[in-house]
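Worksheet: the structure to be examined is printed underneath.
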Amino acid sequence: MSWPQRIEQALAERRLNAAYRRRQATEGGNGRQIRLGDRLYLNFSGNDYLGLSQDARVIAAWQQGAQRYGIGSGGSGHVTGFSAAHQALEEQLATWLGYPRALLFISGYAANQAVLAALMQKGDRILADRLSHASLLEAAAQS
1391 MSWPQRIEQA LAERRLNAAY RRRQATEGGN GRQIRLGDRL YLNFSGNDYL GLSQDARVIA
1451 AWQQGAQRYG IGSGGSGHVT GFSAAHQALE EQLATWLGYP RALLFISGYA ANQAVLAALM
1511 QKGDRILADR LSHASLLEAA AQS
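Read in order, the letters of the sequence shown correspond to residues 1391 to 1533 in this note's numbering.
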């Protein structure tokens, strides 16, 4: 059987078993609600938990930031990517939390890796259930 035939057979089986999926473009970004056709849905698969991605104040702040700093990811914070804006945010967070310093991480994964590596010592025990984020479980295993 040729590859095109195998693919067509696999697709036919998926259609028969109601397991065939079609991607459908959504409208309205990836906020708390998404529009698919004429229906509005709550988005439980995104990470806009607070609904800030569509907030006019946040959008305006992003526009000001793009105007001032440009766009693009730049380098890692360890190289050239740590800007005055990052420093100001760390200082504001530290003040808000009541600590002398705060440290931003590029992602939750990086934070989990760094925090567990820094805090855990040989003989320490980490208790985490299977519902913990995979990055936390990996950091625990590596620590």
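A virtual CB, placed ideally from N, CA and C, is assigned to each residue, including glycine. None of the values given here were measured: they were computed from a predicted structure.
| Item | Value |
| --- | --- |
| C-beta atoms of glycine 1465 and aspartate 1438 nearer than 8 Å | no |
| Leucine 1440 classed as buried or exposed, judged by whether at least 16 other C-beta atoms fall within 10 angstroms | exposed |
| C-beta atoms of alanine 1484 and arginine 1491 nearer than 8 Å | yes |
| Local conformation of isoleucine 1449 per DSSP, three classes | helix |
| Straight-line Cα distance separating alanine 1450 from alanine 1474 | 19 Å |
| Cβ neighbours of leucine 1527 in the same chain (closer than 7 Å, five flanking residues each side left out) | Ala1518 |
| From Gly1427, His1523, Gln1423 and Ala1400, residue whose alpha carbon lies closest to that of arginine 1413 | Gly1427 |
| Glutamine 1532 versus serine 1525: straight-line alpha-carbon distance, rounded | 10 Å |
| Whether glycine 1467 touches serine 1443 by CB criterion (8 Å) | no |
| Beta-carbon contacts of aspartate 1495 that lie in its chain and below 7 Å, excluding the five residues immediately before and after | Correcting the residue type first, residue 1495 is phenylalanine in the shown sequence and not aspartate. Ala1501 and Ala1504, listed in sequence order. |
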